[in-house]
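A.B. asks: Protein chains in written order, with the numbering used here: chain A, 74 to 438; chain B, 2 to 294.
Ideal placement from N, C-alpha and C gives every residue a C-beta, glycine not left out.
It should be emphasised that the depicted structure is a prediction, and the values quoted were computed from it without experimental measurement.
Quick one: the structure is below, questions incoming.
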Amino acid sequence: MSDPEFMIDVRAVTKRFGDFTAVNDITLGVRAGEFITLLGPSGCGKTTLLRMLSGFETPDEGSIRIEGNDVTRLAPYRRNVNQVFQSYALFPHLSVRDNIAFGLRMQKVGDEETRRRVAEVVDLVALGGFEDRMPHQLSGGQRQRVALARAIVPKPAVLLLDEPLSALDAKLRRQMQVELKRLQKRLGMTFVFVTHDQEEALTMSDRVAVMNRGRVEQLGTATEIYHRPASGFVADFIGESNSLPAELLAREDAAVRVRLQGGLELRVPRAAWPADATRALVSVRPEKVCVSKRPIEGAENGFQAVIAEEIFQGALDHLVLRTDAGTVLSAVVANESAIMEALHEGDRVWCGLHFDDLVILPALA
Amino acid sequence: MQALPAADAENPHARRATPMGWWLLAPMLIWLALFVVAPLLILVVYSFCSRDDLGRVVFDFTWTNYARVFDDTYLKILARSVGYAALTTLICVAAGFPAGWFIARRPPAVRNRLLLLVMIPFWTSFLIRTYAWIAILKSEGLLNATLLSARVIPQPLELLYTPVAVVIGLVYAYLPFMILPVYGSAEKLDNALVEAAHDLGAGPLRAFSEVIIPLTWPGIAAGVLLVFVPAIGMFAITDLMGGAKVAMIGNVIQNQVFKARNLPFAAALGVVFTLLFVASYLALQWRGRRARA
């Protein structure tokens, strides 16, 4: 039975290419009007999953429902789904107008309505004046807009986007991220966006599915996957993190005492520590490591360290800290104003880690 | 000498014709001038001449040769030649397009092996291959023997020296010239374009007519020219496989040159024939431009 809550309902889908399992038993529900991103390194199965939604691949196992209809084996041209291709795939023999109108022509929409809807969408993606150009006469950014316009003009239930921004330069990409998000909100359309760029995923998505080796490692909002990674892979893949193996020393009332690799002893929330485990992974973001030249009050974990290395990164300073116990940690601090104390290589500093900033993950097998 | 290009100079690496370029082209241009342009001019001059009783060319000016070309007998033969060539081209498109498309969609390693198969016949002399067809098609040949022993037919089929044999021979000879150019443009066609067509609601037929045909049109057009033009003029296959029964324009010209020794009339036939090629080429070009527009 389909769950009416979901626009896209992927159930236990597996896809193999020869010996390689590209998508391994994925179950995923996407709500109507949601902007969901499939994020992961190349080869993680995100593109294969997208191609099964568009119909270019057929699952070996499992089922896919879109708008409540089983589309598992439905041909791409019978699906109420459109795709923005990574290479844009604009028809080189058709003008911008004819490219955009292609889907409507296939649906046998009348001339009058086609004209109106094409004009509307041309306006929406700010391509006015370019209708008669051929694709080879457009810049990369303009082609991207044509590809987008062509895919949304048939008003599909779901828009699939396969790394559509990867060919654009950094500045244009950021601008398009904002525009895409705005467009999606305005249309209220369900977007499934595939990318390997975590920044893209975090800025645009309502929810992100972090994928690795054919599986969804974590599905959550941008803040959830950033602050509460569910696995070592997610912690490492999203942003920077200090992920260190830890060994249980003693249980206290509200905390457990652990020793990190290298020797540093910390107290972590007892509730976060896996019940029977003696080993786990402690993960902390570099920007959550508090560094000061004076002792820090009120932190659950205070310790001293020496700044072993300082890497200038413009607005931020990246510090490599060697704690007195021997553990090496990365920290990121804002490049301070002249009023504040300056931190430099070789300085002796006090560090603090807050309970809430420590993420405990199951130890790697 | 300028060490640096002037500020307003165009990109110095841009391709443009230079004197050096003409030198590189010179061998080909000289070859074309000597062996294509000059013979064509001689052909045109001869076509307005007449012949004496011994078959020597007499340099006067007359339209009689052209008048004779448009005689019913020759128009019929010309029409028949065009008909055979058109049928050959049609069959070659029908068989060659799917083959070229299929090969282009294989993985590169398989692709090269399949292309090799297409080209293997060229390793053997064309005449030997034509004689092989005779051995296959004659009444006591391979095909009839097989069909007879399988009891598919009660008596041998008369295939050799019929129009069917001529078309079989022509299609066999020219099929690779359709497959290769079609392969060339199909291979360049990005599969994402076909997927985009399907994605936008085009079923297999619409995707074929709206995207695949227009984008492989240059290959199809090249194939049509490479098959149609030589097929009209072909005389070896019609001679060997059609017997003397199926005369085509190429046979007529051959006869006029070697048997009737009427060079001026043969030249006039050749000129008309060449103009026909030019016309069909321009028609294809025009069709191609319309397909792209």
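For V364/A, is the classification buried or exposed, using 16 other Cβ atoms within 10 angstroms of its Cβ as the cut-off for buried?
C.D. replies: For this step, residue 364/A is matched to residue 291 along the first sequence. It is buried - the Cβ of V364/A has at least 16 other Cβ atoms within 10 Å.
A.B. asks: Could you tell me the alpha carbon to alpha carbon distance between L111/A and K119/A, rounded to whole angstroms?
C.D. replies: Sequence index remark: in the first sequence, residue 111/A carries index 38 (1-based). Sequence index remark: in the first sequence, residue 119/A carries index 46 (1-based). Cα to Cα, the separation comes out at about 6 angstroms.
A.B. asks: Helix, strand or coil for Y175/B, going by three-state DSSP, please let me know.
C.D. replies: Here the question's residue 175/B lines up with position 174 in the second sequence. In the structure shown, Y175/B sits in a helix (DSSP, three-state: H, G or I).
A.B. asks: Pull up the distance between the alpha-carbon of M249/B and that of G201/A, whole angstroms please.
C.D. replies: The residue given as residue 249/B occupies position 248 in the second sequence. The residue given as residue 201/A occupies position 128 in the first sequence. For M249/B and G201/A, the distance between alpha carbons rounds to 58 angstroms.
A.B. asks: To which residues does DSSP link V393/A through a beta bridge?
C.D. replies: Taking the first residue of the first sequence as position 1, residue 393/A is located at position 320. Beta-bridge pairing links V393/A to E382/A and S403/A.
A.B. asks: Quick check: what's the CA-CA separation for T63/B versus R206/A?
C.D. replies: Looking up residue 63/B in the second sequence gives position 62. Looking up residue 206/A in the first sequence gives position 133. When rounded, the distance between both Cα atoms is 54 angstroms.
A.B. asks: Against chain B, with Cβ distances strictly below 8 angstroms, would N155/A count as a contact?
C.D. replies: The sequence position of residue 155/A within the first sequence is 82, counting from 1. Closer than 8 angstroms to some Cβ of chain B, the Cβ of N155/A qualifies, so yes.
A.B. asks: At the level of alpha carbons, what is the spacing between P231/B and A27/B?
C.D. replies: By 1-based counting over the second sequence, the position of residue 231/B is 230. By 1-based counting over the second sequence, the position of residue 27/B is 26. So the alpha carbons of these two residues sit roughly 27 angstroms apart.
A.B. asks: Per DSSP, K88/A is paired with what?
C.D. replies: Here residue 88/A refers to the residue found at position 15 of the first sequence. In the DSSP output, where bridge partners are listed per residue, K88/A has V96/A.
A.B. asks: Enumerate, from N- to C-terminal direction, the unbroken alpha helix (DSSP H) stretches of 4 or more residues contained entirely within the stretch 56 to 126 of chain B.
C.D. replies: Listed in chain order, the complete alpha helix (DSSP H) runs (minimum 4 residues) inside the stretch 56 to 126 of chain B are 65 to 70, 73 to 105 and 109 to 120.
A.B. asks: Is any beta-carbon of chain B found at less than 8 angstroms from that of A461/A?
C.D. replies: Within the shown structure, residues of chain A are numbered from 74 to 438, placing residue 461/A beyond reach of any answer.
A.B. asks: Whose C-beta lies closer than 6 angstroms to the C-beta of W124/B among residues of the same chain, with five residues either side of it excluded?
C.D. replies: What you label residue 124/B is simply residue 123 of the second sequence in a count that begins at 1. Nothing meets the Cβ criterion.
A.B. asks: Rounded C-beta distance between P359/A and A404/A? I'm assuming under 8 angstroms.
C.D. replies: As a position in the first sequence, residue 359/A is number 286, starting the count at 1. As a position in the first sequence, residue 404/A is number 331, starting the count at 1. With a Cβ gap of about 5 angstroms, P359/A and A404/A count as contacting.
A.B. asks: Please name the residue or residues paired with L101/A in a DSSP beta bridge.
C.D. replies: In the first sequence, counting from the first residue as 1, residue 101/A sits at position 28. L101/A is bridged to V83/A.
A.B. asks: Hey, is L207/B's beta-carbon within less than 8 angstroms of any beta-carbon in chain A?
C.D. replies: Within the second sequence, the letter at position 206 stands for residue 207/B. Going by the sequence as given, residue 207/B is Arg instead of Leu. True, the Cβ-Cβ gap to chain A drops below 8 angstroms.
A.B. asks: Quick one: measure Cβ to Cβ for S304/A and L177/A, integer angstroms, because I've assumed they're closer than 8 angstroms.
C.D. replies: Position 231 of the first sequence, counting from 1, holds the residue named residue 304/A. Position 104 of the first sequence, counting from 1, holds the residue named residue 177/A. Contact doesn't hold; Cβ gap of about 44 angstroms is too wide.
A.B. asks: Should V213/A be labelled buried (16 or more other beta-carbon atoms within 10 Å of its own) or exposed?
C.D. replies: Locating residue 213/A in the first sequence gives position 140, where the first residue counts as 1. Sequence inspection shows Gly at residue 213/A; the Val mentioned does not correspond to that position. So G213/A counts as exposed.
A.B. asks: Given a cut-off of 8 angstroms on the beta-carbon distance, is the pair A282/A and L275/A in contact?
C.D. replies: Locating residue 282/A in the first sequence gives position 209, where the first residue counts as 1. Locating residue 275/A in the first sequence gives position 202, where the first residue counts as 1. No, they are not a contact pair.
A.B. asks: Give me, in chain order, the residues of the same chain whose beta-carbon lies closer than 6 angstroms to that of E313/A; leave out the 5 immediate sequence neighbours on both sides.
C.D. replies: Against the first sequence, residue 313/A aligns to sequence position 240. Counting only Cβ-Cβ distances below 6 angstroms, and skipping sequence neighbours, we find P359.
A.B. asks: Counting Cβ pairs, one atom from each stretch, are 3 or more of them under 8 angstroms apart for the stretch 259 to 274 of chain B and the stretch 47 to 61 of chain B?
C.D. replies: A contact exists between the stretch 259 to 274 of chain B and the stretch 47 to 61 of chain B.
A.B. asks: Would you verify that the beta carbon of G202/B is, or is not, closer than 8 angstroms to some beta carbon of chain A?
C.D. replies: Here residue 202/B refers to the residue found at position 201 when the second sequence is read from its first residue. Yes, contact with chain A.
A.B. asks: Going by DSSP, which residues form a beta bridge with M19/A?
C.D. replies: The structure shown does not extend to residue 19/A, since chain A is modelled only from 74 through 438, so no value can be given for it.
A.B. asks: Could you give the residue range of the alpha helix (DSSP H) that holds S217/A?
C.D. replies: In the first sequence, residue 217/A corresponds to position 144, counting from 1. Contrary to the premise, residue 217/A reads as Gln rather than Ser in this sequence. Residues G213 to I225.
A.B. asks: Run through the DSSP bridge pairs and tell me what S51/B is partnered with.
C.D. replies: For the purposes of this step, residue 51/B is taken as the residue at position 50 of the second sequence. BP columns for S51/B point to V59/B.
A.B. asks: Sort P114/A, D82/A, R330/A and E107/A by Cα distance to T100/A and report the nearest one.
C.D. replies: Along the first sequence, one-based indexing puts residue 100/A at 27. When only C-alpha atoms are compared, the closest one is D82/A.
A.B. asks: For P219/B and V94/B, what's the separation of their Cα atoms in angstroms?
C.D. replies: Translated into positions along the second sequence, residue 219/B becomes position 218. Translated into positions along the second sequence, residue 94/B becomes position 93. Roughly 13 angstroms between the two C-alpha positions.
A.B. asks: Any C-beta of chain B sitting closer than 8 angstroms to the C-beta of A407/A?
C.D. replies: Start at 1 with the first residue of the first sequence, and residue 407/A comes out as number 334. No, A407/A does not count as interfacial toward chain B.
A.B. asks: Nearest-angstrom Cα distance between L277/B and E188/B?
C.D. replies: By 1-based counting over the second sequence, the position of residue 277/B is 276. By 1-based counting over the second sequence, the position of residue 188/B is 187. Distance between the alpha carbons of L277/B and E188/B is about 31 angstroms.
A.B. asks: Kindly say whether Q3/B, judged by its beta-carbon, lies nearer than 8 angstroms to any beta-carbon of chain A.
C.D. replies: Your numbering for residue 3/B matches position 2 in the second sequence. Low per-residue confidence applies at Q3/B: pLDDT is 41, beneath 50, and the placement is therefore not dependable enough to give any value.
A.B. asks: Is it right to say S127/A is buried, meaning 16 or more other beta carbons lie within 10 angstroms of its own, or is it exposed?
C.D. replies: In the first sequence, counting from the first residue as 1, residue 127/A sits at position 54. Classification for S127/A: buried.
A.B. asks: Which full runs of the beta strand (DSSP E) of 3+ residues lie inside the stretch 310 to 368 of chain A, going along the chain?
C.D. replies: The stretch 310 to 368 of chain A contains these whole beta strand (DSSP E) runs: 315 to 324, 328 to 333, 338 to 342, 352 to 357 and 363 to 365.
A.B. asks: State yes or no: is the beta carbon of P132/A nearer than 8 angstroms to at least one beta carbon in chain B?
C.D. replies: Taking the first sequence and counting its residues from 1, one reaches residue 132/A at position 59. No, P132/A lies away from the interface with chain B (no Cβ there is under 8 angstroms from its Cβ).
A.B. asks: Residues of the stretch 122 to 143 of chain B with a CB closer than 9 angstroms to any CB of chain A: list them in chain order, please.
C.D. replies: Listed by position along the chain: nothing, the set is empty.
A.B. asks: Can you find the residues in the same chain that come closer than 7 angstroms, C-beta to C-beta, to I104/B, ignoring five residues on each side of it along the sequence?
C.D. replies: The residue given as residue 104/B occupies position 103 in the second sequence. Cβ within range, chain order: R112, L115, L116 and Y184.
A.B. asks: Restricting to runs no shorter than 4 residues, where is the alpha helix (DSSP H) found entirely within the stretch 140 to 188 of chain A?
C.D. replies: The stretch 140 to 188 of chain A contains these whole alpha helix (DSSP H) runs: 169 to 179.
A.B. asks: With C-beta atoms as the reference, is A295/A less than 8 angstroms away from P302/A?
C.D. replies: Reading the first sequence from its first residue, position 222 is the one you call residue 295/A. Reading the first sequence from its first residue, position 229 is the one you call residue 302/A. Contact: no.
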